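Residue numbers (the UniProt record's numbering): 1 to 206. Structure record follows, encoded as structure tokens.
Now the structure itself:
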């Protein structure tokens, strides 16, 4: 039923490579044709927000390399959470003094979710992407402000097709570097330490 309604990502019978079974880092993989999205010839969240929806983006991260990337891709403001004395006040100030319309949280830290709920404006939406533990929501303040919380696991096939179509039409600029499979341990270390911006693509043939 979920697959027929476009919600195949939450199908209770879904099997996910890398989660349900091993075999992600291979040259080839077998899949049903209907589940494969062709890649056209031709961090992305910032560019989708700007180019597809005309949104103003406030990026919250840390490090000069992340700042350079976010601003280059079109973010209006970059706030380094390590330098910020009060991240909530800084975001509200950057968002016209009334708070953000939406917060897309990709971090898995519980504290980040708590901060995001506080810097949303009335009627704002918290989009939960990063997997975290339990978070506390003060309903006494959330309900009168009409705060909405939306969770996102993974996209569906139609959303993938639309995203790749934007890429094919040149509206999205990818930021990635290619590394050989032999460097997989180093790549994971970089990822855990937050030392790189954008994405790393593994060349499985080298």
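Glycine is no exception: its CB is placed at the ideal position from the N, C-alpha and C atoms. Quantities reported herein were computed from a predicted structural model and do not represent experimental measurements.
Proximity to residue 196 [Cα-Cα], best of 203, 187, 204, 202: 187
Alpha-carbon spacing of residue 115 relative to residue 109, whole angstroms: 10 Å
Nearest residue (CA-CA) to residue 105, options 27, 149, 200: 149
Rounded distance between the beta-carbons of residue 27 and residue 204, thought under 8 Å: 5 Å
DSSP three-state assignment for residue 59, whether helix, strand or coil: strand
Selection from 181, 155, 183, 127 that minimises the alpha carbon distance to residue 37: 155
Exposure label - residue 120; buried when at least 16 CB within 10 Å: buried
Spatially closest choice to residue 159 from 100, 35, 14, by CA coordinates: 35
Alpha-carbon to alpha-carbon, residue 139 and residue 64: 37 Å
Delimiting residues of the beta strand (DSSP E) encompassing residue 200: 199-203
Among 117, 10, 71, nearest to residue 91 - alpha-carbon criterion: 117
Residue 42, buried or exposed, once every other Cβ within 10 Å from all chains shown has been counted against 16: At residue 42 the pLDDT is 47, less than 50, meaning the model places this residue with poor confidence; the figure from the coordinates comes in the next sentence. Exposed.
Residue 190 in three-state terms, based on DSSP: helix
Span separating the alpha-carbon of residue 79 from that of residue 56: 14 Å
Assigned exposure category for residue 11 - 16 Cβ within 10 Å defines buried: exposed
For residue 128 and residue 102, the rounded distance between their alpha carbons: 11 Å
Among 133, 99, 134, 132, nearest to residue 124 - alpha-carbon criterion: 99
Residue 184 to residue 147 span [Cα, whole Å]: 41 Å
Beta-carbon spacing of residue 130, residue 107 below 8 Å: yes
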